[in-house]
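Each number in my numbering comes from the position in the sequence shown (counting from 1) with 545 added on.
Ideal placement from N, C-alpha and C gives every residue a C-beta, glycine not left out.
Keep in mind that this is a model prediction, so the values were computed, not measured.
Scroll down for the structure; my scribbles are underneath it.
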Amino acid sequence: MKIKQEELFGAEDVLKEIKKLYKNISYHDELYKEGRPEISDAEYDVLRRRLDSLQEKYPQYSTPPKVGAKPSEKFSKVPHSMPMLSLSNAFSEEDIYEWNARNKKFLGLTSDENINIYVELKIDGLSFSALYKNGKFDLGLTRGDGEIGENITENLATILPERLHGDFPKILEVRGEIYMSHKNFTNLNDSLPEEEKFANPRNAAAGSLRQKDATITASRKLNYFVYGIGECSESLGNTQSDYTRSFVKLGLKTIPFVQTSMSSGRVTPVKHSISELMEFYYNVEQKRKDLDFDIDGLVYKIDRLDYQKRLGEVARAPRWAIAHKFPAEQAITQIESIDIQVGRIGTLTPVARLKPITVGGVVVSNATLHNEDEIRRKDIRVGDTIVIQRAGDVIPQVVSVDVSKRPANSIPYEFPAYCPVCGSHAVREEGEVARRCTGGLLCEAQLVERIRHFVSRGALDIEGLGERQIQAFWDDGLIKNVTDIFSLADKAEIISARQGWGKKSLENLLGAIEKSRDVSLEKFIYALGIRHVGEVTAKLLAREYANARNWFFTMQQLGSDSEKRESLNNIHGIGETVAGSLTDFFAENHNVEIVEQLISLLRIADAKIAMSDSKVAGKTVVFTGTLTRMTRAEAKERAESLGAKVASSVSAQTDFLIAGEEAGSKLKKARELNVAVLSEDEWLELIK
Ligand code: IVH
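Below, the structure written as structure tokens:
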């Protein structure tokens, strides 16, 4: 007998895995909601399926933490009248047979008694709930985390009918899906600048629905289908098909029924056997590409509501319904070129430019190639005929190469060793998949991010120069690299003519820039944004090399002088990675030039005396009372920078007690223990 993996697990391992899956799924839900998913639908489904299967086997763990995106702060939160559940997924015929058998067993039916199944397209959009009171649209919510949704009434009002038709119940909450048609998606993307384009219709729908300004939602031409109900004051029938008939009568849009060879003539596609379902599934899969909206599978629902009620739910999904997913859509096209994109922090990402092709109704002209290993592994070349896949929520990927169609003169793709934007070396660190540009201070692709870091709090700390302002100065050509910040004063007139700059705010900014010229060596080093050189490392470097020129001079020699490199490696806390990164950075002439210019533009204070030279290195000190010439935080920082350990209470181990005004019990204790007591001035004299 085969033992399943989880049977070998202890209960603790199962719980741990479930928690990890919950966390992971919530993380991806959040990204998905923000329209920047990191994994494909298929990958997401693998996570969901694993969670579902574990929870089914271990029902004791099937209670929340909840899965689903947390409601955001942007919209007010409203609890759902009853939870908005999700669906379990099936990927194979076998899964569906098992589901059906389980249901029959649960309901006590014999294997030859068939259950009618209502079949619907699974719309790849965003679920919503809409409450109608006395036939009038009253409240619209997103799914949120299933328990609490976000109030998007105003946005939904631009999509849903304001009033129900005919004989409506007093209270009716309908649930359904918001989506964007392929046609509207293409038009929308055509009207947006490159960096604002959406990856697919679902992201476009999400981005358009969750707008604070509902007129934007209205302009995006979203659409909806209803598929179910929440709260309802009257019965709408005895079956799921009855619901759909009621929705039609009430003037609501229901999910269109796909005509297939086996379903023509029926009002709703109720299926009586699983083989019928399967035939329908394969038929729809064929016709999927002709639809004007994305679907990612079919939803099978047990038609009889009394059965639905008896079956209930498990792990926040109904037992009576299941999603039968379609595999990701694929198409064949050719690679016209391979471009390298440089990200904000210098990562080089290869992108295949494709002969445009329609995949599931959406025109695709780019595919991600991930990184150089992926290109090598699949031997992807310019001119190749390839199979691409659009997995719903991500940029299309290359599935395989048809080597038989490869042009005779084709050559393997060679990943560039230089940044295509600035020409600096692109290096790949050990254990990393990505190559990165080393021209940080010059590379246009990275500049906005670099400048943002340069002026950030732990660095030059220039208030009033946020990302938005930097981007605007950059767009206007006022800042081309970090050194240009210090000539902004010469451009004051141009800036003040720009929107958003009053006299006072500009004065403040220029004042903050002027002030930032006085900077410590460690902050200056940190500000350069050299990879792996964070605040702690910058401090270590500053202490070792003491002044800017000395440091700068040594850094330039790292590549050629092994002694210098060794001295760097010998600094406690600095390893090969940092040393390698500094060597790469200073191997680039542009970086050297800019650091040189900065050193002359700024007034960089020498670092505090190297610890070992200080009289207090290795000593334990305690501060007490009110200090008059510095704050307690300053005193602590200064003492530590000289290698002293600052303790909060006096003991036999204390070397010095620095007593400010009105010192109390600590002073008394120090005297009792014969600890050396210094006044603030004596202390300053000692560390001078
Ligand atoms: S029924 C209690 N029917 O799929 C179950 N859901 O993956 C309610 N969806 O959150 C869902 N088309 O937003 C149902 N025809 C359909 C659907 C559908 C799309 C969405 C729904 C749900 C998600 C689960």
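Exercise. Taking the alpha-carbon positions, what's the Phe713 to Leu795 distance?
Worked result: In this structure, the straight-line span from the alpha carbon of Phe713 to that of Leu795 is close to 7 Å.
Exercise. Do you know how far the Cα of Gly721 is from the Cα of Tyr769?
Worked result: Rounded to whole angstroms, the separation of the alpha carbons of Gly721 and Tyr769 is 7 Å.
For this session: Starting from Glu718, follow its DSSP beta bridges and name the residues at the other end.
Result: Per the DSSP secondary-structure output, Glu718 pairs in a beta bridge with Leu676.
Problem set entry | Exposed unless 16 or more other CB atoms sit within 10 angstroms - verdict on Lys742 | By the neighbour-count criterion, in which 16 or more other beta carbons inside 10 Å mark a residue as buried, Lys742 falls on the exposed side.
For this session: Using three-state DSSP, classify Pro746 as helix, strand or coil.
Result: Note: Pro746 maps to helix in three-state DSSP.
For this session: Could you tell me whether the Cβ of Glu1008 comes closer than 9 Å to any Cβ of chain D?
Result: Absence of chain D from the displayed structure is noted, only one protein chain being present.
Exercise. Can you name the residues that DSSP bridges to Gln875?
Worked result: Here Gln875 is bridged, per DSSP, to Gln934.
Exercise. What's the C-alpha gap between His1117 and Lys1068?
Worked result: Our two residues, His1117 and Lys1068, have alpha carbons roughly 19 Å apart in a direct line.
For this session: Name the one or two DSSP bridge partners that Pro863 has.
Result: Answer by DSSP bridge pairing, in chain order: Glu858.
Exercise. So, helix, strand or coil for Ala1221, using DSSP?
Worked result: Ala1221 falls in the strand class under three-state DSSP.
Exercise. Are the beta-carbon atoms belonging to Ser626 and Glu695 less than 9 Å from one another?
Worked result: No. Outside cutoff.
Problem set entry | Residue from Glu821, Val908, Ser1041, Val932 whose Cα sits closest to the Cα of Ser726 | The closest CA to that of Ser726, considering only Glu821, Val908, Ser1041, Val932, is found on Val908.
Exercise. Taking the alpha-carbon positions, what's the Val1137 to Thr760 distance?
Worked result: Val1137 and Thr760: Cα-Cα distance of roughly 51 Å.
Exercise. Residues with a Cβ closer than 5 Å to any heavy atom of the ligand IVH, in chain order?
Worked result: A Cβ closer than 5 Å to some heavy atom of the ligand IVH marks a residue here, and those residues are Leu630, Ser631, Leu632, Glu665, Lys667, Ile668, Ser672, Glu722, Tyr772, Val844, Pro863.
Exercise. DSSP beta-bridge partners for Ser945?
Worked result: Answer by DSSP bridge pairing, in chain order: Val932.
Exercise. What separation, rounded to the nearest whole angstrom, lies between the Cα atoms of Glu779 and Pro706?
Worked result: Going by C-alpha positions, Glu779 is about 20 Å away from Pro706.
Exercise. Tyr1071 bridges to which residues according to DSSP?
Worked result: Answer is none; Tyr1071 lacks a bridge partner.
Problem set entry | Arg922: first and last residue of the uninterrupted alpha helix (DSSP H) it sits in | Looking at the DSSP string, the run of the alpha helix (DSSP H) that includes Arg922 is 917–923.
Problem set entry | Cutoff 8 Å; reference Asn911; Cβ partners in own chain excluding five residues on either side | Annotation for Asn911: Val896, Ala897, Arg898, Leu899, Ile940, Pro941 place their beta carbon closer than 8 Å to its own, counting only its chain and skipping 5 residues before and after.
Exercise. What's the C-alpha gap between Leu686 and Arg647?
Worked result: Answer to the nearest angstrom: the Cα atoms are 33 Å apart.
For this session: Pair every Cβ in the region 1044–1052 with every Cβ in the region 1122–1135, then say whether three or more of these pairs are closer than 8 Å.
Result: No, they do not touch.
Problem set entry | Residues that Arg898 bridges to, as DSSP identifies them | Answer is Ser882, Asn911.
For this session: Flag this pair as yes or no: are the beta carbons of Asp1129 and Arg1076 separated by less than 9 Å?
Result: Yes, they are a contact pair.
For this session: Tell me whether Phe838 sits in a helix, a strand or coil according to DSSP, three-state version.
Result: Coil.
For this session: On a CA-only basis, which of Ile890, Val946, Asp1020, Glu1179 is nearest Gly1074? Give me that one, please.
Result: Closest by alpha carbon: Ile890.
For this session: Report all residues from its chain with a CB closer than 7 Å to the CB of Ile920; omit the five preceding and five following residues, and keep chain order.
Result: Residues of the same chain with a CB within less than 7 Å of the CB of Ile920, apart from the 5 flanking positions on each side, are Pro895, Leu914, Tyr958, Phe960 in chain order.
For this session: Check the DSSP bridge columns for Ile1149 and list the partner residues they point to.
Result: According to DSSP, which records beta bridges pairwise, Ile1149 is partnered with Val1064.
Exercise. So, using beta-carbon positions, are Asp839 and Asn745 closer together than 9 Å?
Worked result: With contacts defined by Cβ atoms closer than 9 Å, Asp839 and Asn745 form a contacting pair.
For this session: Report the three-state DSSP secondary structure of Arg790 (helix, strand or coil).
Result: Helix.
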